[in-house]
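Novice:
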Amino acid sequence: MQKKTLKILEFNKIIDLLTERAMTAPGRERCAALLPEKELTKIEAAQVETDDMVHLLLEKSDLPLSGISDIRPAVRRATADAILGTDELMKIGAFLRSVQRVKNTLPEDYGKGEDSAYRLVYERILLLSPLAGLEGRIDECIAGEDEIRDRATVELYNIRRKIRRAQEDVRKELDRIVRSRPAALQDAVITLRGDRYVVPVKAENRNQVPGLVHDTSASGSTVFVEPMAVVELNNKIRVLISEESKEIEQILLELSTKVANQAEVLITNAEVLTDLDFAQAKARLALSMKAMPPLLNDQGRILLKAARHPLINPAKVVPIDFELGTTFKTLVITGPNTGGKTVTLKTCGLLTLMAMAGQQIPAQDRSEISTSNLVLADIGDEQSIEQSLSTFSSHLRQIIEITAIAGPGSLVLLDELGAGTDPSEGAALAISILEHLRNKGALTAATTHYKELKGYALNTPEVENACCEFDTDTLRPTYHLMIGVPRVSNAFAISQRLGLDPAIIARARDLISDEGAQFEELVASIEKSHQEAKRMREEIDALQAETEKARTKLAAQEIQLEDKRQQILDQAKAEADQLYAKAEEEVEQLLADLKEKIDQDAGHRITSDARGQIRKARGNIAGQRQKDRLVRH
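Next up, the structure:
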């Protein structure tokens, strides 16, 4: 049943979007295998992992994970004593360089200051070991997928030098033969057959070039001869090539042994990079959806604010507010076809599955999701043509299974409950099913057209009505969900706006029972009150927004005034300091003049005059200081 629910709610499409955002093959495997978790602590840990990575991507950049190969099969082969090929070793070397690049994203001072906003990501990166020694040795030896470097070992270097020297000797000897017997040759070229150097000889001149025939052309006009003069040289080259192969095998064995010895570290590195790629894929998907981390609980409380279905075009989707498990455990949703009822159920179900899988949800911050041990859904027409089941029978088979396994902690989503059969029986059966699920402790949201279910929700504890709003002026659904309001029938209003004969409409009203008419009037009154409350709430929100805007503006003005005041004080202080300095200079100058006049025996009168000037100057300084204090206060 749970697998059916995942399919019905299109969780697989979310997984596809997630997988597209992974950058490594193991990361994509991890994404593809993701399923909702049931244990709250595990879900919380997964959410923290996602949120840490979101912060990292917003404040830093993506981790350098692209192009990383899956080295696990090669490492396992090495631990089984297999000799790895150059291509496998080259991938391991590139993998270790990628490990180092990811490790380099850690700040140099990480761990010395306050905890980072993405501490869990950094703690995971700290687990990486680049194994510089192994990576360096692989790089010293491997030049390409099929190429070993000459200087991988001294022995290999010497062997290849001997091979090149022997090949040069062969070419020189064959060049001499080509120059000495041009008429006997088909072309003046040297070629290879197998690993032997040969020359192309005309078939009719075969005896002019003694040697071993290694091949014949398709037409038979040319034979490829290894002249006897180079047979020993070719044999020498073959021996050297054999020695080269053995040395290469030893090099590959050495490297494979080193890989096997570091297998545990390499596998840990691979797992850490897979974890990081998986977390980054979740974060990238969250950012693309403008998603937020949900508040989690295991109390059966779902509270979605401005929630959007993640698979509907963002430009067209209408955000909804949805709640369940707060003051009621069963929600009955009514409304027109294509009015948003089914999308509401799918939004609730899919966002619950996403949150339980450690993904952020496209809803406003502080939206709440309750972890569920089972999410069960019967949405859409799942009838099987092969089995020739009616719509009613198809839905009923699903519901039989749901009612059997649902219990406390289950989230049940039922679309068009009781549809496809006689309305009176269908309504009665729908009410009975809702009562059964409520008694078993399940959270249930169900859509319906039956007015009997509206009355049931109005009169039953822990059961609430909701409706998808319909604009009777435009004759179009608004797709807004109104909780606490049953859907009033708009058949008469729509008929009137479309021009149906008023007499027909009046007769139709007469045919409705008094009880039914009173019920519809009650529902209409409730909806009107709800719309009025909604209008008042919007006005209050607008006033609060204006108040906050004014408060922000006033605070900014206060800051500007304080800045201006500080500038004036700073300027006054600077001017006062200049005056102090000037006055002190005058005092010093007066003292110098006094000393000079005393030295000249100007007499007592001069000394008295000088003292008076000093007192005057110091009085000026004191007065200026007093003014400065007044300015400051």
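For the sequence shown, this note's numbering begins at 135 and goes up steadily by one. From the three backbone atoms N, C-alpha and C, an ideal C-beta is built for every residue, glycine too.
In the DSSP assignment, find the unbroken beta strand (DSSP E) run with F456 in it and report its ends.
Specialist: One-based indexing of the sequence shown puts residue 456 at position 322. Per DSSP, F456 belongs to the beta strand (DSSP E) from 454-458.
Novice: Grouping DSSP H, G and I as helix and E and B as strand, with all else coil, what is L143?
Specialist: Taking the first residue of the sequence shown as position 1, residue 143 is located at position 9. The answer is coil: DSSP assigns L143 none of H, G, I, E or B.
Novice: Go to E360, then tell me how far its beta strand (DSSP E) extends in each direction, as first and last residue.
Specialist: For the purposes of this step, residue 360 is taken as the residue at position 226 of the sequence shown. 356-361 is the span of the beta strand (DSSP E), which, as asked, contains E360.
Novice: Output needed for M423: all residues of its chain with C-beta closer than 6 Å, excluding positions within five of it in sequence on either side, in chain order.
Specialist: In the sequence shown, counting from the first residue as 1, residue 423 sits at position 289. Excluding residues within five positions, the ones whose Cβ falls inside 6 Å are P444, P496.
Novice: In three-state DSSP terms, what is G434?
Specialist: In the sequence shown, residue 434 corresponds to position 300, counting from 1. G434 falls in the coil class under three-state DSSP.
Novice: How far does the beta strand (DSSP E) with V333 in it extend, from its first residue to its last?
Specialist: For this step, residue 333 is matched to residue 199 along the sequence shown. Going by DSSP, V333 is part of the beta strand (DSSP E) stretching over 330-336.
Novice: Roughly how many angstroms separate the alpha carbons of V182 and T175, rounded to a whole number?
Specialist: For the purposes of this step, residue 182 is identified with residue 48 of the sequence shown, where counting begins at 1. For the purposes of this step, residue 175 is identified with residue 41 of the sequence shown, where counting begins at 1. In a straight line, the C-alpha of V182 is about 11 Å away from that of T175.
Novice: With a Cβ-Cβ cutoff of 8 Å, do F604 and G469 count as a contact?
Specialist: As a position in the sequence shown, residue 604 is number 470, starting the count at 1. As a position in the sequence shown, residue 469 is number 335, starting the count at 1. Contact: yes.
Novice: Helix, strand or coil for F526, going by three-state DSSP, please let me know.
Specialist: Indexing the sequence shown from 1 puts residue 526 at position 392. DSSP places F526 in helix when its eight states are reduced to three.
Novice: For the segment 456-464 and the segment 427-438, state whether three or more C-beta atom pairs, one from each stretch, are separated by less than 8 Å.
Specialist: Yes, the segment 456-464 touches the segment 427-438.
Novice: Strictly by DSSP, which residues pair up with C602?
Specialist: Walking along the sequence shown from the start, residue 602 turns up at place 468. The partner list for C602 (beta bridge, DSSP) reads L615.
Novice: Cβ of I385 within 8 Å of Cβ of Q301?
Specialist: Here residue 385 corresponds to residue number 251 of the sequence shown, with the count starting at 1. Here residue 301 corresponds to residue number 167 of the sequence shown, with the count starting at 1. Not in contact: I385 and Q301 (Cβ atoms no closer than 8 Å).
Novice: Taking all protein chains shown into account, do 16 or more other C-beta atoms lie within 10 angstroms of the C-beta of R313, making it buried, or fewer, making it exposed?
Specialist: Locating residue 313 in the sequence shown gives position 179, counting from the first residue. Under this definition R313 is an exposed residue.
Novice: Should M488 be labelled buried (16 or more other beta-carbon atoms within 10 Å of its own) or exposed?
Specialist: In the sequence shown, the residue the question calls residue 488 occupies position 354. It counts as buried.
Novice: How should N341 be labelled, buried or exposed, when 16 other C-beta atoms within 10 angstroms of its C-beta is the threshold for buried?
Specialist: Stepping through the sequence shown from its first residue, residue 341 is reached at position 207. Exposed, by the Cβ-count rule.
Novice: Can the beta-carbon of L199 be found less than 8 Å from the beta-carbon of L407?
Specialist: As a working note, residue 199 is residue 65 in the sequence shown. As a working note, residue 407 is residue 273 in the sequence shown. Cβ distance < 8 Å, so L199 and L407 count as in contact.
Novice: Note the first and the last residue of the continuous alpha helix (DSSP H) segment covering I503.
Specialist: Here residue 503 is taken as the residue at index 369 of the sequence shown, counted from 1. Unbroken run through I503 is the beta strand (DSSP E), 502-504; no alpha helix (DSSP H).
Novice: How many angstroms separate the CA atom of E378 from the CA atom of R298?
Specialist: Taking the sequence shown and counting its residues from 1, one reaches residue 378 at position 244. Taking the sequence shown and counting its residues from 1, one reaches residue 298 at position 164. The alpha-carbon atoms of E378 and R298 are separated by roughly 12 Å.
Novice: Mapping the DSSP letters down to three states, classify V255 as helix, strand or coil.
Specialist: Position 121 of the sequence shown, counted from the first residue, corresponds to residue 255. Note: V255 maps to helix in three-state DSSP.
Novice: Under 8 Å by Cβ, that's how I've got A600 and I467 pegged, so tell me the actual separation to the nearest angstrom.
Specialist: Taking the first residue of the sequence shown as 1, we reach residue 600 at position 466. Taking the first residue of the sequence shown as 1, we reach residue 467 at position 333. Contact flag correct, Cβ pair sits at about 5 Å.
Novice: Per the contact definition of three or more C-beta pairs closer than 8 Å, is the segment 265-284 in contact with the segment 204-222?
Specialist: yes
Novice: DSSP on T239, reduced to helix/strand/coil?
Specialist: Here residue 239 refers to the residue found at position 105 when the sequence shown is read from its first residue. T239 falls in the coil class under three-state DSSP.
Novice: Are the segment 303-319 and the segment 383-397 touching by the rule of at least three beta carbon pairs closer than 8 Å?
Specialist: no
Novice: Using a Cβ-Cβ cut-off of 7 Å (strictly less than) and excluding sequence neighbours within five positions of E516, which residues of its own chain qualify?
Specialist: On the sequence shown, residue 516 is found 382 positions in, with the first residue counted as 1. Because E516 sits at a pLDDT of 45, beneath the cut-off of 50, its placement in the model cannot be relied upon, and the point is left open.
Novice: Kindly indicate the opening and closing residues of the beta strand (DSSP E) around V347.
Specialist: As a working note, residue 347 is residue 213 in the sequence shown. Residues 345-350.
Novice: Check each candidate in E338, V323, E360, G345 and name the one with the smallest Cα separation from R330.
Specialist: Residue mapping note: residue 330 aligns to position 196 of the sequence shown, counting from 1. The residue with the shortest Cα to Cα distance from R330 is E360.
Novice: With a floor of 3 residues, list each beta strand (DSSP E) that falls wholly inside the segment 148-210, ordered by position along the chain.
Specialist: none
Novice: Could you check what DSSP says for T408 in three-state terms: helix, strand or coil?
Specialist: Looking up residue 408 in the sequence shown gives position 274. DSSP places T408 in helix when its eight states are reduced to three.
Novice: For D455, collect the residues of the same chain with a Cβ closer than 8 Å to its Cβ; drop the 5 residues on either side in sequence, then sort them by chain order.
Specialist: Sequence index remark: in the sequence shown, residue 455 carries index 321 (1-based). Cβ within range, chain order: L438, K439, A440, A441, L615, I617.
Novice: Between the segment 255-263 and the segment 226-246, can you find at least three pairs of beta-carbon atoms closer than 8 Å?
Specialist: yes
Novice: Under 8 Å between the Cβ atoms of N431 and L262?
Specialist: Walking along the sequence shown from the start, residue 431 turns up at place 297. Walking along the sequence shown from the start, residue 262 turns up at place 128. The answer is no: Cβ separation not under 8 Å.
Novice: Taking the beta carbon of E649 as the centre, do at least 16 other beta carbons fall within 10 Å, making it buried, or is it exposed?
Specialist: Position 515 of the sequence shown, counted from the start, is the residue given in the question as residue 649. For E649, the pLDDT reaches just 48, beneath the cut-off of 50, and the residue's location in the model is therefore unreliable, leaving the point undetermined.
Novice: In or out: D644 buried (at least 16 other Cβ within 10 Å) or exposed?
Specialist: Residue mapping note: residue 644 aligns to position 510 of the sequence shown, counting from 1. When all chains shown are included, D644 counts as exposed.
Novice: I need the straight-line Cα distance from R669 to A689, nearest angstrom please.
Specialist: By one-based count along the sequence shown, residue 669 stands at place 535. By one-based count along the sequence shown, residue 689 stands at place 555. So the two alpha carbons sit approximately 30 Å from each other.
Novice: From V619 to T464, what does the alpha carbon distance come to, in whole angstroms?
Specialist: For the purposes of this step, residue 619 is taken as residue 485 along the sequence shown, with counting starting at 1. For the purposes of this step, residue 464 is taken as residue 330 along the sequence shown, with counting starting at 1. In a straight line, the C-alpha of V619 is about 14 Å away from that of T464.
Novice: Going by other Cβ atoms of all chains shown within 10 Å of its Cβ, with 16 needed for buried, is T608 buried or exposed?
Specialist: Position 474 of the sequence shown, counted from the start, is the residue given in the question as residue 608. The residue in question, T608, is exposed, as its Cβ has fewer than 16 Cβ neighbours within 10 Å.
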